[in-house]
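Some notes on the structure that comes next.
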Amino acid sequence: MELSVAQWLLVICLVAFPLLYEWSITFKYFCKMAFYNGWILTLAILAIPIFLLLFLRFMLLHIKYLYGIKIEVRGWENFNIKEPYVVVSNHQSSLDLLGMMEILPGRCVPIAKRELMYAGTAGLACWLAGVIFINRKKTDDAISVMSEAAETMLKEDVRVWVFPEGTRNHSGSLLPFKRGAFHLAVQAQVPVIPVVMSSYKDFYSKKDRKFATGKCTVRILPGVPTLGLSPDDVPDLTDRVRGLMLDAFSQMSTERPGKEPGGIH
Ligand SMILES: CCCCCCCCCCCCCCC(=O)SCCNC(=O)CCNC(=O)[C@H](O)C(C)(C)COP(=O)(O)OP(=O)(O)OC[C@H]1O[C@@H](n2cnc3c(N)ncnc32)[C@H](O)[C@@H]1OP(=O)(O)O
Ligand SMILES: CCCCCCCC/C=C\CCCCCCCC(=O)OC[C@@H](O)COP(=O)(O)O
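Using the numbering used here, the first residue of the sequence shown is number 605, and each one after it goes up by one.
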């Protein structure tokens, strides 16, 4: 039986792909990231007609199993607050979505950069689900969107999730915090609940093109009240919350979680 050129190419690809995947850490990294983004874009098509953040959450929960990432959550009790609050969490990578979806409280809306709105089906699903978009290039616009969010939180009893570093940070520590989240909490007079995701460096590194299986701990810290605080107190509140998160992050980094078997290797 003679094979056509197309068939030969197919055979070569079928043989080369698994070999490359096993031998090259970089190839594996790009495959896994491509699948991550592609899978989210695909799932978003299903999410578009439902447009509920809670639905997005349940749709994305299985991804940690595909990637063999074990997520341990500590401090659930700190979310047992009936009133609205502002969640602030560290931001290492787009993989934060996994930790975020693991604990996303009900009626909680994330604040995201405006560019995400144009991320194809995922952007549309986020927009329909009520994600709040801010234009980081126009400070005044971003501030007025966040002030509106403070009113909405109280009027509609919603919680808001902010990444106060304002950008992804692979440095293995926390960047200085922007103050928007804390102004928001003070304006609404609601507590700030810090959430810390442990470092991914044991299993994921964009710089080294590494993406293995592993474990991440997500800690929900006790809420920090803002009742009675004024805009003048925001710098101190920001520093205090960052200090608490940095302590938790450093402590979790020394715990050095071991690798977990399973998932896409
Ligand atoms: C199946 C499909 C699934 C799809 C996926 C599911 C959904 C998941 C969605 C996940 C989304 C995750 C997205 C993550 C991101 O996009 S992170 C990037 C965007 N977020 C942020 O940037 C938030 C943090 N940034 C801030 O808080 C900033 O302060 C900001 C408000 C944006 C303004 O930034 P900037 O222009 O850089 O200015 P400064 O920070 O320097 O601030 C200038 C002065 O203004 C004061 N300030 C800030 N906010 C306020 C406010 N609300 N009210 C009054 N004043 C404010 C600030 O304190 C500065 O003054 P001083 O220097 O303190 O005097
Ligand atoms: C037809 C258009 C196709 C567009 C393809 C876009 C590919 C992206 C697909 C899916 C994205 C998955 C959603 C992940 C959400 C994670 C949010 C995130 O990590 O945003 C980064 C933002 O916090 C900070 O950005 P910068 O670090 O400042 O940069």
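C-beta: ideal position from N, C-alpha, C; glycine also.
Taking C-beta to C-beta, are residue i and residue j nearer than 7 Å?
i           : j           : result
residue 599 : residue 646 : Lying before the first or after the last residue shown, residue 599 is absent from the chain, which here runs from 605 to 869.
residue 713 : residue 790 : no
residue 750 : residue 784 : yes
residue 786 : residue 842 : yes
residue 677 : residue 822 : yes
residue 560 : residue 736 : Only positions 605 to 869 of the chain appear in the structure, and residue 560 is not among them; the question remains open.
residue 815 : residue 636 : yes
residue 664 : residue 733 : no
residue 718 : residue 739 : yes
residue 788 : residue 754 : yes
residue 766 : residue 715 : yes
residue 706 : residue 675 : yes
residue 644 : residue 729 : no
residue 849 : residue 792 : no
residue 776 : residue 803 : yes
residue 828 : residue 845 : yes
So the alpha helix (DSSP H) residue i belongs to, where does it begin and stop?
i           : result
residue 725 : 724-733
residue 740 : Careful: residue 740 lies outside any alpha helix (DSSP H) and carries neither H nor E.
residue 798 : Here residue 798 belongs to no alpha helix (DSSP H); instead the beta strand (DSSP E) covers 796-801.
residue 790 : 784-792
residue 706 : 700-707
residue 779 : Looking at the DSSP string, residue 779 is not in any alpha helix (DSSP H), and its letter there is neither H nor E.
residue 623 : 609-627
What residue range does the beta strand (DSSP E) around residue i cover?
i           : result
residue 653 : No beta strand (DSSP E) contains residue 653, which DSSP labels as neither H nor E.
residue 716 : 712-717
residue 691 : 690-693
residue 883 : This structure does not reach residue 883, given that the chain is present from 605 up to 869, and the question cannot be answered.
With 16 other CB atoms within 10 Å as the buried threshold, where does residue i fall?
i           : result
residue 744 : exposed
residue 722 : exposed
residue 689 : buried
residue 687 : exposed
residue 684 : exposed
residue 653 : exposed
residue 693 : buried
residue 651 : buried
residue 696 : buried
residue 622 : exposed
residue 866 : Note on residue 866: pLDDT 44, under 50, position unreliable in the model; the coordinate value appears next. It counts as exposed.
residue 838 : buried
With 7 Å as the threshold, decide whether the Cβ of residue i is near any Cβ in chain B.
i           : result
residue 855 : Absence of chain B from the displayed structure is noted, only one protein chain being present.
Every unbroken alpha helix (DSSP H) inside the region 656-688 [4 residues or more]: 657-664 and 667-670
field: Ranges of the beta strand (DSSP E) found wholly within the region 808-861, counting only runs of at least 3
entry: 818-824
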